[in-house]
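What follows is a single structure, written as C-alpha cells, with notes after it.
In the working numbering, the protein residues as written are -18 to 130.
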C-alpha cells in the first residue's frame, strides 16, 4: 500500500511540474540577436499558469511601428493551440523541466514555421529563447531573444 501511495505522489509531482517561466518578461533588445533583422522594437510577455500549461499575453511594437497584441493558452503536451495577433496561427509547447521548454510556431499557409527552445536561467531572472525557421516572408530566420524579469 505504501508503494502505491509513493508511486501516485511521484506521478502527481511529475504531472504538475514547477514552471519557472511564469511571470512578466521584457525583451532586452541590446542582448538579443536577430537574423536577418529584428522584427520588433519592443516586447513584453506575461506568462500565467493554466491547466497543464500556460496562458501567454504579449504586447509591444513591431519594427514597422504597428502595435503587437497577441495571446494564447497552450498545454505542455505538444498539442497545437490557436494564437491570436501573431505572425503565426498555432503554437505547440513541451516542458522539458521547470526551466526548459521546446516550442513550434507555424502559420497554416506554411510560410511561417519556427522551432525553438526557452531556457530560464538558474537565478530565474533571465529567459533566453533561441529559434530557427522560416519567417512570414518565407525566408530563413533565426533569433536569440533575451528576456528579463
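Glycine included, each C-beta is placed from N, C-alpha and C at the ideal position.
Rounded separation between residue i and residue j - CA only
| i | j | result |
| --- | --- | --- |
| residue 54 | residue 2 | 14 angstroms |
| residue 81 | residue 127 | 14 angstroms |
| residue 57 | residue 98 | 13 angstroms |
| residue 73 | residue 120 | 21 angstroms |
| residue 23 | residue 38 | 14 angstroms |
For residue i, three-class secondary structure by DSSP
| i | result |
| --- | --- |
| residue 1 | coil |
| residue 25 | strand |
Counted within 10 angstroms of its Cβ, other Cβ atoms place residue i as buried (16 or more) or exposed
| i | result |
| --- | --- |
| residue 28 | buried |
| residue 116 | buried |
| residue 87 | buried |
Residue i vs residue j beta-carbon contact at 8 angstroms
| i | j | result |
| --- | --- | --- |
| residue 124 | residue 13 | yes |
| residue 21 | residue 43 | yes |
| residue 49 | residue 41 | yes |
| residue 62 | residue 0 | no |
Neighbourhood of residue i by C-beta, 6 angstroms cutoff - its chain only, sequence neighbours within 5 removed
| i | result |
| --- | --- |
| residue 85 | 73 and 96 |
| residue 16 | 123 |
| residue 107 | 129 |
Chain C within 8 angstroms of residue i, Cβ atoms only
| i | result |
| --- | --- |
| residue 59 | Within the model displayed, chain C is absent; a lone protein chain is all it includes. |
Beta-carbon proximity list for residue i, same chain, < 7 angstroms, skipping 5 on both sides
| i | result |
| --- | --- |
| residue 7 | 25, 128 and 129 |
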